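Engineer: Line by line, the protein sequences give chains A and B.
For the first sequence, full-length UniProt numbering begins at 1 and goes up steadily by one.
For the second sequence, full-length UniProt numbering begins at 1 and goes up steadily by one.
For each residue, glycine too, the CB sits at the ideal point set by N, CA and C.
Quick caveat: nothing in here was measured; it's all calculated off a predicted structure.
After the C-alpha cells below, expect a handful of questions from me.
Number of protein chains: 2
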Amino acid sequence: MNGKKGSSVRIDICLPSSAVPRETARKSGKGDGDEAIVIPLRKWMMEVWQFAREDTNRVIFSLKVGLACLLVSLLILLRAPYQVFGTNIIWSILTVAIMFEYTVGATFNRGFNRALGSILAGVFAVVVIQVAVSSGHIAEPYVIGLSIFLVGSITSFMKLWPSLVPYEYGFRVILFTYCLIIVSGYRMGNPIRIAMDRLYSIAIGAIVAVLVNVLIFPIWAGEQLHRELVGHFDSVADSLEECVKKYLTDDGSDHPEFSKTVMDDFQDEPAYRKCRSTLNSSAKLDSLANSAKWETPHGRFTQMFYPWAEYVKVGAVLRHCAYEVMALHGCLHSEIQAPYNLRYTFRTEILDATNQAAELLRSLAKDLSNMKHSLHTSLLKRVHASTERLQRSIDLHSYLLTLSHDVCDCPAKPPAKLSHVSSFNVTDADGMKAEAETYHETMKKQQRRLHSWPSREVDDFEEDMSGESIPRMRALESTAALSLATFTSLLIEFVARLDHLVEAADELAKLAKFKQEIAC
Amino acid sequence: MNGKKGSSVRIDICLPSSAVPRETARKSGKGDGDEAIVIPLRKWMMEVWQFAREDTNRVIFSLKVGLACLLVSLLILLRAPYQVFGTNIIWSILTVAIMFEYTVGATFNRGFNRALGSILAGVFAVVVIQVAVSSGHIAEPYVIGLSIFLVGSITSFMKLWPSLVPYEYGFRVILFTYCLIIVSGYRMGNPIRIAMDRLYSIAIGAIVAVLVNVLIFPIWAGEQLHRELVGHFDSVADSLEECVKKYLTDDGSDHPEFSKTVMDDFQDEPAYRKCRSTLNSSAKLDSLANSAKWETPHGRFTQMFYPWAEYVKVGAVLRHCAYEVMALHGCLHSEIQAPYNLRYTFRTEILDATNQAAELLRSLAKDLSNMKHSLHTSLLKRVHASTERLQRSIDLHSYLLTLSHDVCDCPAKPPAKLSHVSSFNVTDADGMKAEAETYHETMKKQQRRLHSWPSREVDDFEEDMSGESIPRMRALESTAALSLATFTSLLIEFVARLDHLVEAADELAKLAKFKQEIAC
C-alpha cells in the first residue's frame with residue numbers, strides 16, 4: 001500500500017496486515033511520540049490523498065461498491081425480506097461482488113455475461129437432469145458425471161477461441177452455475193426449484209448493482225473513452241514538441257548512455273512517457289469502446305448507436321503518428337548525431353513545421369473535446385506549407401549534409417577516417433549482374449576507384465576476436481550529418497500521416513454528428 | 001463459434017445455441033442431404049480442428065478443466081464423502097471453476113489470492129462478529145452493516161492502486177467471502193464453524209485444481225515465456241528481412257494507398273504482423289513472468305529463483321529494436337520514396353547489413369532456445385563491419401542522394417519544381433540572431449540568394465481555402481532521394497541497438513546459468 005503511484009512503476013507489495021501496526025500507532029496518538037513511525041505514515045497518507053484527489057471517481061466508485069454491498073446485505077439483516085427469500089439471498093451478495101465494475105458499460109457487459117451464462121447453464125442442467133432421471137437409478141450418476149466433464153472441457157476450449165476471449169467470464173459462469181445446479185439438484189432434489197430460486201437471487205443482486213452504478217454518480221465508459229482519446233492527441237503534440245526542442249538545443253554534451261536509457265526511463269522527458277502510454281493504449285481504448293457499446297445514451301452522447309468504434313479507429317491512426325514520434329525520439333537518442341551547428345542551421349524551418357503540426361493536433365483535440373466539427377483545411381495547409389519550406393530548405397542546402405566531413409567545424413571529434421587507403425576489394429562481387437548496372441551504379445564504381453575501398457578497417461575487426469567484451473558499433477562521423485536528413489524525413493512523414501488523422505477525425509465527427517462550425 | 005482464428009480479427013459472435021441445430025444436422029447424417037448446412041459445418045469443424053492442432057495444449061487444458069470439475073463433483077455424487085462434508089462441498093466446485101487457469105503459475109497465483117483473501121476475510125469477519133455480539137442486540141445489525149460498507153469501499157479503493165492491480169482478484173475474494181461469512185453467521189449462528197467449513201471445502205477445491213494442473217500434462221508459464229521470447233527474436237529478424245527485401249524490389253508501381261493500409265492491415269507482409277505482436281507483447285510477457293515466478297523448478301528450468309524478470313528486460317530491449325523495424329516499415333510505405341534505381345545502387349550493402357543483423361538475431365534466438373551461452377562477438381563484429389561498409393558507401397556516394405534531381409533518371413515522375421523563381425522572401429526573419437550565425441548559416445543564405453525562395457508555392461496554398469476536401473501533402477521529388485538516407489540511417493540505428501540486445505541476452509544467460517559454449 002505504501003507504493004508510489006504511476007502505472008509503469010512496480011513496487012514491492014506490503015500486505016495490509018503490515019499496515020495494521022501503523023494504523024494502531026496513529027490511533028494511539030502522536031503524543032506518544034514515535035516520530036519514526038509517524039513520518040512514513042504521514043507520507044503514505046499524503047500519497048493516498050493525492051491518489052484520491054487525482055481522480056475523484058476512484059473514491060466515488062469505492063463508496064458505491066460499499067453501498068451496493070450494504071443494500072444487498074440488508075435483505076438478510078432485516079427480518080422481513082429474509083423470511084421471504086431465505087438463505088439463497090447470499091447469491092445476491094456474490095453477484096454484486098463479482099459484477100460491480102468501474103464503468104456503467106462494463107457492469108452491463110458483465111451482467112449480461114452473468115445473466116446469459118446463468119440462464120444457459122440453468123436450462124442445460126434441467127435438461128440433463130431429466131435425461132439422467134429417465135435413464136434409471138444406476139446410470140444417473142454416470143450421466144451427470146459425464147455431462148460435468150463435457151461442460152468443463154467445452155467451455156474451457158471455447159473461451160480460448162480468439163473471438164470469444166472477451167466473454168471469458170461468461171464461460172466461467174456457465175461452468176460453475178451448471179455444476180452447482182446439477183450437483184445440488186442431485187443431492188437435494190427438485191433442481192428446477194433450486195435453479196429458479198438461485199436465478200431470483202442473482203437477479204436481485206444484479207439489479208442492485210446496476211441501479212447503484214447507474215443512479216449514483218455514474219462513471220460512463222463513453223465519457224472516459226472520449227477524454228482518453230483527447231488526452232492522447234495532446235500527449236502526442238507535447239512529445240513531438242519536446243522531442244524537437246531537445247534535438248535543436250541539445251549540443252550532445254550530456255547524452256546519457258543508451259544502455260541506461262533503453263529501459264524506457266527518460267527522467268527529463270515527461271511528455272515522452274505520455275506518448276509511450278499512447279503507444280500502449282490499444283487495449284485500453286478497445287476495452288472502453290467495448291464497454292461503451294453497452295451504455296444507453298447519456299450526458300453529451302445523446303445519439304443512439306453512438307459510433308464508439310470510430311474512436312478506436314482514430315486512436316489507431318493517432319498511434320501511427322506516435323510511431324513516427326518514437327522514431328524521432330530514437331533519432332534524438334541515437335549514437336550517430338549531426339553536429340549541433342548543422343542542426344541549428346535548419347532550426348527555423350524545423351521549429352516552424354513542428355509548431356504548426358502541434359497546433360493542428362491541439363486544434364483537433366480541442367474540437368473533439370468540445371464535440372465540434374470544424375474544417376481544419378487552412379491549418380492543414382499551413383502545416384503543409386511549412387513542411388514544404390523545410391523540404392526546400394533541405395533540398396537547397398543538401399550539400400551541407402553530405403560534404404560536412406570536409407567543411408564541418410565539428411568540435412572535439414576526430415575527422416572521418418577516409419584517408420585509409422588500401423587495395424581495391426570487391427566486396428560485392430557475388431551477385432551484381434552487369435546488365436542491371438544503372439547510371440548510379442557506374443557513377444558509384446567510378447567514385448570507388450577514386451577513393452578506393454577502405455577494407456583494412458574491416459580486417460581490424462577480425463583481429464581481436466578472442467576479446468570477451470561486447471564490441472560497440474562505431475559510427476562514421478562523415479555520415480553523421482545525414483542523421484539530420486533522417487530527422488527531417490521522419491518529421492515530414494509525421495506530417496504526411498496527419499492528413500490521415502484529420503480524415504479519421506472528420507469521419508468520427510460526421511458519424512457522431514458533432515456540431516458543425518464554419519469558422520476555423 | 002464459426003469465427004475465423006487470428007487475434008486481430010473481430011468476428012460477430014454466434015451464440016452456442018445457434019450451433020445446436022447444426023450439430024443435430026450432422027448427427028442426423030449427411031444422407032438427409034441438406035448440403036447448404038453441411039458445407040459450412042464442415043468448414044467450421046475444420047477451423048476448430050486447425051485451432052486445436054495449432055497448439056495441442058489448448059485441448060489438454062480443456063480436458064483438464066473437465067477432469068478437475070468431475071473429480072470435485074464426485075465428492076458429492078458418491079455417498080461416502082457427501083455424508084462427511086455435506087452441502088458445503090459446493091464451494092469446492094466454485095473454487096475449481098474460478099481458480100483453474102491455463103498455466104501452473106497462474107493457477108498458483110490465483111490460488112494464493114483466493115487463499116489469502118479467504119483467510120483475511122474469515123479472520124476479520126470473526127473479529128467483527130465478536131465485536132457486534134458484545135455491543136448488544138440493538139447495535140449488532142448496525143455494526144455489521146457499517147463493517148460491510150467499509151470492507152466494500154476499502155477493498156474497491158485498494159484494487160485501483162497501481163501496484164495492487166495484479167491482486168484485483170484477491171480483493172474481490174475478500175469482499176464476497178467477508179459478506180458471505182458475516183451474513184450467514186448473523187442469520188445461522190456460529191460464524192466460526194461456518195468459516196471453518198467453508199475454508200475446508202475451498203481447500204479441497206484448491207487442492208484438486210492444483211493437483212490436476214500440475215500432475216497431468218502441466219503447462220508451465222516459464223516454458224511459455226521462454227518460447228514466446230524466442231519467437232519474438234525470430235519475428236523481428238523475419239520482418240526486418242521482409243521489409244528490406246520489399247524496399248529493394250519494390251519499384252513503386254503498386255503502392256497501396258496509405259489510408260487503406262494505415263489500419264495495420266498489410267496482407268502481403270506476414271512477418272510485419274508478427275513484428276506488431278512483438279510490439280504489443282509487453283503485457284503478455286509481464287503476465288507470464290508474473291505467473292512463472294510462482295512455479296517450482298521444472299523441466300529445463302531447474303534453478304531455484306530462476307531470473308524470469310530478465311526475460312521481460314530482454315523483451316523490452318528487443319521491443320526497442322522492433323521500433324526501428326516499424327520505422328523502416330514506415331519508410332517503405334512512406335509517400336516520399338527514393339527512386340528505384342537509387343535504391344538498387346546500394347542494394348548489396350543494405351542486403352549484406354540486413355542479412356548479418358538477421359543472422360545475429362537468429363543466432364541469439366537459437367542460443368536462447370537451446371539455453372546455451374555462446375559469445376556473439378564475431379557475429380556482432382561482422383554486423384558492424386557490414387554496417388560500416390554501408391555507411392562508407394553512402395558517404396562516398398552521397399552526391400547521388402542530393403543531386404538526384406539533376407542527374408536522376410526517375411521514370412514517369414515530374415521534375416522538381418525548383419524552376420519557380422520569385423521574389424526573395426525572408427521567412428525566418430523572426431528570431432535568428434546575427435551572433436549565432438555559423439558557417440552553415442552563411443553558406444545557406446548565400447545559396448538562397450542564388451536560387452531565390454519559391455514563396456509562390458506557399459501562396460498557392462492559401463488561395464483555395466474554401467475547398468471542402470482535405471488537402472494532401474505534396475512531396476518534393478528533389479528531397480525524395482534523401483529518403484534512402486533515412487532508410488539506411490534507421491537500419492544503422494537498428495544495428496546499434498543490437499549491441500544492447502546482445503548485452504541483455506548475455507546478462508540473461510549469465511543469471512540463468514546457461515551452458516557455456518566456447519565456439520561461436
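#1: Are at least three pairs of beta-carbons, each pair with one atom in the region 60-77 of chain A and one in the region 163-177 of chain A, less than 8 Å apart?
#2: Residue 510/B bridges to which residues according to DSSP?
#3: Classify residue 54/A as buried or exposed, calling it buried when 16 or more other Cβ atoms lie within 10 Å of its own Cβ.
#4: Can you find a CB in chain A that lies within less than 9 Å of the CB of residue 161/B?
#5: Go to residue 373/A, then tell me how far its alpha helix (DSSP H) extends in each direction, as first and last residue.
#6: Cβ closer than 9 Å: which chain B residues qualify as neighbours of residue 81/A?
#7: Do residue 144/A and residue 77/B have their CB atoms nearer than 9 Å?
#8: Quick check on residue 269/B: does DSSP put it in helix, strand or coil?
#9: What residue range does the alpha helix (DSSP H) around residue 140/A cover?
#10: Quick check: what's the CA-CA separation for residue 353/A versus residue 390/A?
#11: Got a sec? Which residues, its chain only, sit under 6 Å from residue 468/B by beta carbon, not counting five neighbours each side?
#12: Short check: CB of residue 368/B to CB of residue 500/B, under 9 Å?
#13: Measuring CA to CA, which of 126/A, 140/A, 125/A is closest to residue 523/A?
#14: Determine the DSSP secondary structure at residue 503/A, reduced to helix, strand or coil.
#15: Let me know the secondary structure DSSP gives residue 293/A once reduced to three states.
#16: Under 7 Å Cβ to Cβ from residue 358/B, same chain only, skipping five residues before and after it: list those, please.
#17: Look up residue 517/A in the DSSP assignment and give the residues it is bridged to.
#18: Spatial neighbours of residue 229/B within its chain, please: CB distance less than 8 Å, with the 5 preceding and 5 following residues excluded, ordered by chain position.
#19: Does residue 138/A have its Cβ less than 9 Å from a Cβ in chain B?
#20: Taking just the CA atoms, how far does residue 362/A sit from residue 384/B?
#21: Identify whether residue 298/B lies in helix, strand or coil by the three-state DSSP scheme.
#22: Classify residue 376/A as buried or exposed, calling it buried when 16 or more other Cβ atoms lie within 10 Å of its own Cβ.
#23: By the 10 Å Cβ neighbour count, where 16 or more other Cβ atoms means buried, how is residue 129/B classified, buried or exposed?
#24: Classify residue 504/B as buried or exposed, calling it buried when 16 or more other Cβ atoms lie within 10 Å of its own Cβ.
#25: In angstroms with no decimal places, state the Cα-to-Cα distance between residue 507/A and residue 510/B.
#26: Please look up how many angstroms separate the CB atoms of residue 166/B and residue 290/B, rounded, as I've assumed it's under 8 Å.
#27: I need the straight-line Cα distance from residue 348/A to residue 231/A, nearest angstrom please.
#28: Could you name the residues of the same chain whose beta carbon sits closer than 6 Å to that of residue 322/B, not counting the 5 residues immediately before and after it, in chain order?
#29: Which stretch, first to last residue, makes up the alpha helix (DSSP H) that contains residue 481/B?
#30: Give me the Cα-Cα distance between residue 45/B and residue 99/B, rounded to the nearest whole angstrom.
#31: For chain B, is any of its Cβ atoms less than 9 Å away from the one on residue 489/A?
#32: Any Cβ of chain A within less than 9 Å of the Cβ of residue 280/B?
#33: May I ask you to report which of helix, strand or coil DSSP gives residue 102/B?
#34: What residue ranges within the region 193-262 of chain B form continuous alpha helix (DSSP H) runs of no fewer than 4 residues, ordered along the chain?
#35: Does DSSP put residue 118/B in a helix, a strand or coil?
#36: Consider the Cβ of residue 275/A: report whether some Cβ of chain B lies at a distance smaller than 9 Å.
Structural biologist: Answer, in terms of the structure:
#1: no
#2: The count along the second sequence starts at 1 and reaches residue 510/B at position 510. According to DSSP, residue 510/B bridges with nothing at all.
#3: As a working mapping, residue 54/A is identified with position 54 in the first sequence. With fewer than 16 Cβ atoms within 10 Å of its Cβ, residue 54/A is classed as exposed.
#4: Here residue 161/B is taken as the residue at index 161 of the second sequence, counted from 1. At least one chain A Cβ lies under 9 Å of residue 161/B.
#5: In the first sequence, counting from the first residue as 1, residue 373/A sits at position 373. Counting along the chain, residue 373/A falls outside any alpha helix (DSSP H), though it belongs to the beta strand (DSSP E) covering 372-374.
#6: Here residue 81/A is taken as the residue at index 81 of the first sequence, counted from 1. Among the residues of chain B, none has a CB under 9 Å from the CB of residue 81/A; the nearest is roughly 11 Å distant.
#7: Along the first sequence, one-based indexing puts residue 144/A at 144. Along the second sequence, one-based indexing puts residue 77/B at 77. For residue 144/A and residue 77/B, yes; Cβs fall inside 9 Å.
#8: Along the second sequence, read from residue 1 onward, the residue named residue 269/B stands at position 269. It is coil, neither helix nor strand.
#9: Taking the first sequence and counting its residues from 1, the one referred to as residue 140/A is at position 140. Note, residue 140/A: alpha helix (DSSP H), 140-158.
#10: Position 353 of the first sequence, counted from the first residue, corresponds to residue 353/A. Position 390 of the first sequence, counted from the first residue, corresponds to residue 390/A. Their backbone Cα atoms lie some 7 Å apart in a straight line.
#11: Numbered from 1 along the second sequence, position 468 holds the residue referred to as residue 468/B. Residue placement at residue 468/B is poorly supported in this model, since its pLDDT is 45, which falls under 50; the coordinates still yield a value, given next. Around residue 468/B: no qualifying Cβ.
#12: One-based indexing of the second sequence puts residue 368/B at position 368. One-based indexing of the second sequence puts residue 500/B at position 500. In this structure, residue 500/B does not lie closer than 9 Å to residue 368/B by Cβ.
#13: Outside the displayed range of chain A (1 to 520) lies residue 523/A, so it cannot be described from this structure.
#14: In the first sequence, counting from the first residue as 1, residue 503/A sits at position 503. In the structure shown, residue 503/A sits in a helix (DSSP, three-state: H, G or I).
#15: Against the first sequence, residue 293/A aligns to sequence position 293. The answer is coil: DSSP assigns residue 293/A none of H, G, I, E or B.
#16: Here residue 358/B is taken as the residue at index 358 of the second sequence, counted from 1. Result list for residue 358/B: 237, 240, 241, in chain order.
#17: The sequence position of residue 517/A within the first sequence is 517, counting from 1. For residue 517/A, which the question treats as bridged, DSSP gives the partners 374/A.
#18: Sequence index remark: in the second sequence, residue 229/B carries index 229 (1-based). Within the same chain, residue 229/B has close Cβ partners 285, 311, 314, 315, 318, 368.
#19: What you label residue 138/A is simply residue 138 of the first sequence in a count that begins at 1. Residue 138/A does not count as touching chain B.
#20: The residue given as residue 384/B occupies position 384 in the second sequence. The residue given as residue 362/A occupies position 362 in the first sequence. Computed Cα separation, rounded: 42 Å.
#21: Position 298 of the second sequence, counting from 1, holds the residue named residue 298/B. Secondary structure of residue 298/B (DSSP, three-state): strand.
#22: The count along the first sequence starts at 1 and reaches residue 376/A at position 376. Answer is buried; the Cβ neighbour count reaches 16.
#23: Numbered from its first residue, the second sequence carries residue 129/B at position 129. Buried, since its Cβ has 16 or more Cβ neighbours within 10 Å.
#24: Sequence index remark: in the second sequence, residue 504/B carries index 504 (1-based). Looking at its Cβ environment, which holds 16 or more other Cβ atoms inside 10 Å, residue 504/B is buried.
#25: Residue mapping note: residue 507/A aligns to position 507 of the first sequence, counting from 1. Residue mapping note: residue 510/B aligns to position 510 of the second sequence, counting from 1. Looking at the two C-alpha atoms, the distance is approximately 53 Å.
#26: Along the second sequence, read from residue 1 onward, the residue named residue 166/B stands at position 166. Along the second sequence, read from residue 1 onward, the residue named residue 290/B stands at position 290. Confirmed, Cβ separation roughly 6 Å.
#27: Along the first sequence, read from residue 1 onward, the residue named residue 348/A stands at position 348. Along the first sequence, read from residue 1 onward, the residue named residue 231/A stands at position 231. Spanning the two alpha carbons is a distance of roughly 28 Å.
#28: Taking the second sequence and counting its residues from 1, one reaches residue 322/B at position 322. Here the set comprises 236, 275, 278, 279.
#29: Residue numbering aside, residue 481/B sits at position 481 when the second sequence is read from its first letter. It is not in any alpha helix (DSSP H) - residue 481/B carries neither H nor E in the DSSP assignment.
#30: Sequence index remark: in the second sequence, residue 45/B carries index 45 (1-based). Sequence index remark: in the second sequence, residue 99/B carries index 99 (1-based). Rounded to the nearest angstrom, the two C-alpha atoms are 30 Å apart.
#31: For the purposes of this step, residue 489/A is identified with residue 489 of the first sequence, where counting begins at 1. At least one chain B Cβ lies under 9 Å of residue 489/A.
#32: For the purposes of this step, residue 280/B is taken as the residue at position 280 of the second sequence. Residue 280/B counts as touching chain A.
#33: What you label residue 102/B is simply residue 102 of the second sequence in a count that begins at 1. Here residue 102/B sits in coil by DSSP.
#34: 221-249, 258-261
#35: Mapped onto the second sequence, residue 118/B falls at position 118. Correct three-state label for residue 118/B: helix.
#36: The residue given as residue 275/A occupies position 275 in the first sequence. Put simply, the CB of residue 275/A is far from chain B, with every gap to its CB atoms at 9 Å or more.
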